[in-house]
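Notes follow the structure.
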Amino acid sequence: MEKADPNTPPIERLRAIMAKLRAPDGCPWDREQTHSSIKPQLIEECYEVLEAIDAKEPVDLREELGDLLLQVVFHSQLASEAKQFTFDDVATTIADKLVRRHPHVFGDVKADTSDEVLVNWDAIKRQEKPERTGPFDGVPRAMPALMRAQEVQKKAAKTGFDWPDARGPLEKIKEEAVELEAEVVRAEEGTLVGNELAEELGDLLFAVVNLARHQKVDAEQCLTYAVDKFTRRYERMAELLKEEGKDPAGSTLQEMDTAWDRAKAEGM
49 MEKADPNTPP
59 IERLRAIMAK
69 LRAPDGCPWD
79 REQTHSSIKP
89 QLIEECYEVL
99 EAIDAKEPVD
109 LREELGDLLL
119 QVVFHSQLAS
129 EAKQFTFDDV
139 ATTIADKLVR
149 RHPHVFGDVK
159 ADTSDEVLVN
169 WDAIKRQEKP
179 ERTGPFDGVP
189 RAMPALMRAQ
199 EVQKKAAKTG
209 FDWPDARGPL
219 EKIKEEAVEL
229 EAEVVRAEEG
239 TLVGNELAEE
249 LGDLLFAVVN
259 LARHQKVDAE
269 QCLTYAVDKF
279 TRRYERMAEL
289 LKEEGKDPAG
299 STLQEMDTAW
309 DRAKAEGM
């Protein structure tokens, strides 16, 4: 059993454990992994960190941050074995980047507001990555779609391609809703061809994200709140039906609507 040496920094102990797991006499599962195979765990750990933040549970957050740190150490170990880079290289790279992008702290540049800081940050970032010539370079396609839409819109807005105020995207939502309704009618009539309905639905979602951006709210978080609210009300609706000896699957839509309204009135 591995024992903690009080004189060993925790990060060094973690790195040594990871190296041992990857060693020939280590863990068969860990030895089989690649950068690609552990991608799902990285995404999962990120979301678990976010959930712990929302729950405002420091103990859970500490644990989830540790799980996320393990992913960084794991990927660094894989790269080290391939003679590509080490964990120290990762830490040095981000430390150097933070110093470069905060010249108002570590240099003689003046920036008194958050907006000024972001202007400097973007300018330095462009200098560091001259290969990013496309308007949307740096926005990962693997991002959740709502987040990606918001980031793409932000980049377009920085060039001046944007509605002057929230009325623009609000009118666009109405326009897209009308176009979507037409496609729904065609689908009901059996005259829909191709992906027109999906495209119109996507256009409507994109317009809604644009409105969220103009209102300075996060579209991804808005949908998360809406899903949370729906699940709370549905669960309470099911409880109310159960009190009457029923369940959602065995109830009529009217019965479910009545229970839903009661759940809503309770503040669910």
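Residue numbering for the sequence shown follows our numbering, beginning at 49 and increasing consecutively.
For every residue, glycine included, the Cβ atom is placed at its ideal position computed from N, Cα and C.
Please identify the residue among the options whose C-alpha is closest to the C-alpha of residue i.
{"i": "LEU289", "options": "ALA311, GLU93 and GLN263", "result": "ALA311"}
{"i": "HIS123", "options": "GLN81, ALA297, LEU146 and LYS158", "result": "GLN81"}
{"i": "ASP185", "options": "ASP102, VAL200, ALA171 and ARG281", "result": "VAL200"}
{"i": "LYS87", "options": "ALA52, ASP137 and LEU126", "result": "LEU126"}
{"i": "ALA171", "options": "PRO296, GLU247 and LYS206", "result": "LYS206"}
{"i": "ALA314", "options": "LYS294, GLU283 and GLY293", "result": "Ala is not the amino acid found at residue 314; the sequence shown has Glu there. Comparing Cα positions, the closest option is GLU283."}
{"i": "GLU227", "options": "THR181, PRO72, GLU244 and LEU301", "result": "GLU244"}
Exposed or buried, what is residue i when buried is set at 16 or more other beta-carbons lying within 10 Å of its beta-carbon?
{"i": "ASN258", "result": "buried"}
{"i": "PRO217", "result": "buried"}
{"i": "ARG215", "result": "exposed"}
{"i": "HIS262", "result": "buried"}
{"i": "PHE135", "result": "buried"}
{"i": "PHE254", "result": "buried"}
{"i": "LEU146", "result": "exposed"}
{"i": "ARG79", "result": "exposed"}
{"i": "VAL128", "result": "Before going further, note that residue 128 is Ser rather than Val in the sequence given. Label assigned to SER128: buried."}
{"i": "GLU112", "result": "buried"}
{"i": "TRP77", "result": "exposed"}
{"i": "ALA260", "result": "buried"}
Examine chain C for any beta-carbon lying closer than 7 Å to the beta-carbon of residue i, and answer yes or no.
{"i": "VAL232", "result": "Although the question refers to chain C, the structure presented lacks it and comprises just one protein chain."}
Original post:
Is there contact here, the region 202–215 with the region 223–230, by at least three beta-carbon pairs under 8 Å?
Top reply: no
Subject >> Three or more C-beta pairs below 8 Å linking the region 54–64 and the region 118–132 >> reply: yes
Original post:
When the Cβ atoms of the region 265–279 are set against those of the region 192–203, are three or more pairs found closer than 8 Å?
Top reply: yes
Original post:
Where in the region 174–227 do unbroken runs of the alpha helix (DSSP H), each at least 4 residues long, occur, reported from the N-terminal end onward?
Top reply: 193–206
**OP:** Quick one: which unbroken alpha helix (DSSP H) runs of 4-plus residues sit fully inside the region 227–309? Chain order, please.
**Re:** 244–262 and 267–291
**OP:** Could you tell me whether the region 149–167 touches the region 122–139, using the rule of 3 or more Cβ pairs below 8 Å?
**Re:** no
Subject >> Contained alpha helix (DSSP H) runs [length at least 4] in the region 62–147, N- to C-terminal order >> reply: Counting only runs that start and end inside the region 62–147, the alpha helix (DSSP H) elements of at least 4 residues fall at 76–80, 87–103 and 106–129.
Original post:
Quick one: any contact between the region 165–176 and the region 146–156, if contact means 3 or more CB pairs under 8 Å?
Top reply: A contact is defined here as three or more CB-CB pairs under 8 Å, and the region 165–176 meets this definition with respect to the region 146–156.
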